[in-house]
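Asker:
Number of protein chains: 2
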Amino acid sequence: MFMLLLSLWPARSRMKEGLMFDGLCAFPLTPIVDDRIDLKAVALLVSRAAGAGVNSLGMLGSTGNYAYLSRDERRAVLEAAVDAAEGVPVIAGVGAVRTRDVLAHVEDAQATGASALLLAPVSYQRLTEAEVFSLYQDVTAASSVPIVVCDNPRTTGFTFSDELYARLADIPAIASIKIPPPRPGQASARLRELRALLPERTSVGISGDWAAAESLLAGCAVWYSVIAGVLPGTAKVIADHALAGRGDLAWEASTNLRPVWSLFRRYGSLRVTAAIAEHLGLLSSPSLPLPLHGLDSEGRLKVADAIRRCGLEA
Amino acid sequence: MFMLLLSLWPARSRMKEGLMFDGLCAFPLTPIVDDRIDLKAVALLVSRAAGAGVNSLGMLGSTGNYAYLSRDERRAVLEAAVDAAEGVPVIAGVGAVRTRDVLAHVEDAQATGASALLLAPVSYQRLTEAEVFSLYQDVTAASSVPIVVCDNPRTTGFTFSDELYARLADIPAIASIKIPPPRPGQASARLRELRALLPERTSVGISGDWAAAESLLAGCAVWYSVIAGVLPGTAKVIADHALAGRGDLAWEASTNLRPVWSLFRRYGSLRVTAAIAEHLGLLSSPSLPLPLHGLDSEGRLKVADAIRRCGLEA
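Quick mapping for you: the protein sequence lines, in order, are chains A and B. Residue numbering for the first sequence follows the numbering used here, starting at 80 and increasing by one per position. Residue numbering for the second sequence follows the numbering used here, starting at 80 and increasing by one per position.
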């Protein structure tokens, strides 16, 4: 039955998938100033990434603070992004703890012109595999664009099994799976496992920016990148080298950012990326929604130092 | 400064605290039927618990599905509960991932007549201790009723340190701390640690129903009870024996429910309690908000069996 559905899946969507789920996907921040979204800053980040040649824009991902926003706020971010994206496809995060709210976000995302959806199994009560599978079924039944499965156990509290990946990938609308970073040195082995398990049409994408070079070289099709939301040109150099198989150059470009990766691991990528954007003058400070604080002054000094050492000053 | 604030804290609130943060606090379910709250069932559960003589009602706790409800839905549950509570104090859960939303819930809870607030540091991005402390400061500054700190790492993803407990307990409005269950046999040692750390006025309450008898006997002042939302009379027997120091009888009454405790550990207390209430005809089935499923048929058979073995048929 899945094969039949697949053959009915519009060719246009398959073509779009080819564009969207390869290469570099940038995840811009959604800056919050005085408890309101700074839509001008959203448009600036989006047009900066589009101008740098990213393949797609992941709006309202974890980096886009989707979990903290109301329905109206989420729709406003998508409208601003689609406007500023200059035709670069927008992938819209639609996750929420309740299916009813996920479906409302799906409707809004499609109405605003998003080309695909990103769905993480956000939870309050821990979810079972059966519940997560049903959630994806409900969302694919209610939408007409391709969907990225977002596996981020740190924020969702849910850990996908490989068997669940395979069952989800059988649903025609599931176009890509965003996996957590493999341990250093393990990306090739992990990609072999996943490719043996998943249909060829399923794009495997890497999250965890420090693991991107290794994982793209090992066969990931797309880098779902936090840093590309703020430093798209810098991320694109890594992605282009890695996807062209220029291993030495990809490693060199990624290794150059080691001070940033080390701060990501220590403070989390959201707080560090926000501090980088604030330091570079792209956003007002603070830019995160309470109760989240930006980095403390010690963390900000380290961010400033990392920016200098990596040569990232604007 | 804290002592000064404490002395200004209204005597009326301290008196209420004395009533509310001792004894048995029942956490009723918020049943969802066809994606809408069944307010009649809420009122039924509340009046059943009030009639059984519980000391307080914990509305919109984890068992009350607060994390899945809109602002309007949460307000409607509180209105129905205060109406049906026959003067038993209502403690209202106000947690949300964004401080702005928490403060809106605080405003609504006070407007509907809730006597106290229950606040868990619900998270999407993991929170730091500084962020959690600031959240409680912001909420206590915005409210005029006592507050229960809810420590539930499984659902919030945040683990309190004892040092943070102590800092929070210094805030005059923080009246009680709802702790996770100590390991079997460890309740006395844990209570000694906490009592050495916390002011005398801070009520320590136990969650994790299977640990209630031991923890009340060890000195917990209040049992924040899931099962009391559905079987208040049964829970009250355990609480009354334990709080009167009748150890053998408290153990016997709690041990009688071992088949239920064992299902709580296997499936989580929410899904099991909902299945018990459905089995007893107190609610329509299914009663949980999607993506949550009720128990599968194997789980429901086990629940029916446990109800029979424990003699809980209505």
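C-beta: ideal position from N, C-alpha, C; glycine also. Small disclaimer: the values here were computed from a predicted structure and weren't measured.
Let me check understanding here. Comparing Cα to Cα, which of A/290, A/136, A/296 and A/362 lies closest to residue 125 of chain A?
Answerer: For residue 125 of chain A, the nearest C-alpha among the options comes from A/136.
Asker: Along the chain, which unbroken stretches of the alpha helix (DSSP H) at least 4 residues long are found entirely within the stretch 278 to 330 of chain B?
Answerer: Qualifying alpha helix (DSSP H) stretches, in chain order: 291 to 296 and 311 to 322.
Asker: Please state whether the Cβ-Cβ distance between residue 254 of chain A and residue 199 of chain A is less than 9 Å.
Answerer: Cβ distance not < 9 Å, so residue 254 of chain A and residue 199 of chain A don't count as in contact.
Asker: Can you tell me which of A/284, A/263, A/220 and A/267 puts its alpha carbon nearest to the alpha carbon of residue 244 of chain A?
Answerer: Selected option, being the one with the closest Cα: A/284.
Asker: Near residue 102 of chain A, which residues of its chain fall below 7 Å by C-beta distance, leaving aside the five closest residues on each side in sequence?
Answerer: Once the five neighbours on either side are set aside, the close Cβ partners of residue 102 of chain A are 134, 301, 318 and 322.
Asker: Taking DSSP's pairing of strands, which residues face residue 99 of chain A in a bridge?
Answerer: In the DSSP output, where bridge partners are listed per residue, residue 99 of chain A has none listed.
Asker: So the candidates are B/341, B/306, B/176 and B/99; which of them puts its Cα closest to the Cα of residue 237 of chain B?
Answerer: Among B/341, B/306, B/176 and B/99, the Cα nearest to that of residue 237 of chain B is on B/176.
Asker: When you compare only the Cα positions, how much space is there between residue 128 of chain A and residue 274 of chain A?
Answerer: Looking at the two C-alpha atoms, the distance is approximately 30 Å.
Asker: Within 9 Å of any Cβ in chain A, is that where the Cβ of residue 371 of chain B sits?
Answerer: Answer yes: the Cβ-Cβ gap between residue 371 of chain B and chain A drops below 9 Å somewhere.
Asker: Is it buried or exposed, residue 242 of chain A, if we count other Cβ atoms within 10 angstroms and call 16 or more buried?
Answerer: Per the 10 Å Cβ criterion, exposed.
Asker: Taking Cβ positions only, does residue 390 of chain A come closer than 9 Å to chain B?
Answerer: No, its Cβ sits nowhere closer than 9 Å to a Cβ of chain B.
Asker: When the Cα atoms are used, what is the spatial distance from residue 289 of chain B to residue 235 of chain B?
Answerer: Rounded to whole angstroms, residue 289 of chain B to residue 235 of chain B spans 21 Å at the Cα level.
Asker: Let me know the secondary structure DSSP gives residue 198 of chain A once reduced to three states.
Answerer: Residue state, collapsed to three classes: strand.
Asker: Quick check: the Cα distance between residue 344 of chain A and residue 232 of chain A, rounded to an integer number of angstroms?
Answerer: If you take the alpha carbons of residue 344 of chain A and residue 232 of chain A, they lie about 15 Å apart.
Asker: Which same chain residues end up closer than 7 Å to residue 141 of chain B when comparing Cβ atoms and leaving out the 5 residues on each side of it in sequence?
Answerer: Same-chain partners within the cutoff: 231, 234 and 349.
Asker: Could you tell me how far apart the beta carbons of residue 193 of chain B and residue 171 of chain B are, in whole angstroms, since I believe they sit closer than 8 Å?
Answerer: Right, their Cβ atoms sit about 4 Å apart.
Asker: Along the chain, where does the alpha helix (DSSP H) that runs through residue 267 of chain A open and close?
Answerer: 266 to 276 is the span of the alpha helix (DSSP H), which, as asked, contains residue 267 of chain A.
Asker: What are the residues of the stretch 319 to 353 of chain B that lie near chain A, defined by any Cβ-Cβ distance shorter than 7 Å?
Answerer: Of all residues in the stretch 319 to 353 of chain B, 347 and 349 have a Cβ within less than 7 Å of some Cβ in chain A.
Asker: Using the C-alpha atoms, what's the distance from residue 216 of chain A back to residue 105 of chain B?
Answerer: Using only the alpha carbons, I get a separation of about 36 Å.
Asker: Run through chain B and tell me which residues come within less than 8 Å of residue 271 of chain A, C-beta to C-beta.
Answerer: Near residue 271 of chain A there are no residues of chain B at all, since even the closest Cβ is about 32 Å away, more than 8 Å.
Asker: Pull up the DSSP beta-bridge partners for residue 226 of chain A, would you.
Answerer: Residue 226 of chain A pairs with A/196 and A/253.
Asker: Do you know how far the Cα of residue 151 of chain A is from the Cα of residue 329 of chain A?
Answerer: If I take the Cα positions, the gap works out to 40 Å.
Asker: Just to confirm, is the Cβ distance from residue 224 of chain A to residue 257 of chain A under 9 Å?
Answerer: The answer is no: Cβ separation not under 9 Å.
Asker: Candidates B/309, B/109 and B/314: which alpha carbon is nearest residue 295 of chain B's?
Answerer: Comparing Cα-Cα distances from residue 295 of chain B to each of B/309, B/109 and B/314, the minimum goes to B/314.
Asker: Express the C-alpha separation of residue 277 of chain B and residue 214 of chain A in angstroms, rounding to a whole number.
Answerer: Whole-angstrom Cα-Cα distance: 43 Å.
Asker: How many angstroms separate the CA atom of residue 381 of chain A from the CA atom of residue 145 of chain A?
Answerer: Cα to Cα, the separation comes out at about 27 Å.
Asker: For residue 219 of chain A and residue 186 of chain A, I'd like the C-alpha separation in whole angstroms.
Answerer: Straight-line Cα distance between these residues: approximately 12 Å.
Asker: By Cβ distance below 7 Å, which residues in the same chain neighbour residue 178 of chain A in space, the five residues on each side in sequence not counted?
Answerer: 214 and 217.
Asker: Assuming the contact rule is C-beta atoms closer than 8 Å, residue 157 of chain B and residue 191 of chain B should be a hit. Round their C-beta distance to whole Å, please.
Answerer: 4 Å between Cβ atoms; contact.
Asker: Quick check: the Cα distance between residue 183 of chain A and residue 155 of chain A, rounded to an integer number of angstroms?
Answerer: Residue 183 of chain A and residue 155 of chain A: Cα-Cα distance of roughly 14 Å.
Asker: Return the Cβ separation of residue 353 of chain B and residue 373 of chain B in integer angstroms, given the expectation that the two are a contact with Cβ distance under 8 Å.
Answerer: About 6 Å separates the two Cβ atoms, so the contact holds.
Asker: Pull the bridge partners of residue 136 of chain A from the DSSP assignment, please.
Answerer: Answer is A/105 and A/169, bridged to residue 136 of chain A.
Asker: Just to confirm my understanding: we take residue 188 of chain B, look at its own chain, exclude 5 residues before and 5 after, and list those with CB closer than 7 Å. What are they?
Answerer: The residues are 157, 171, 173 and 196.
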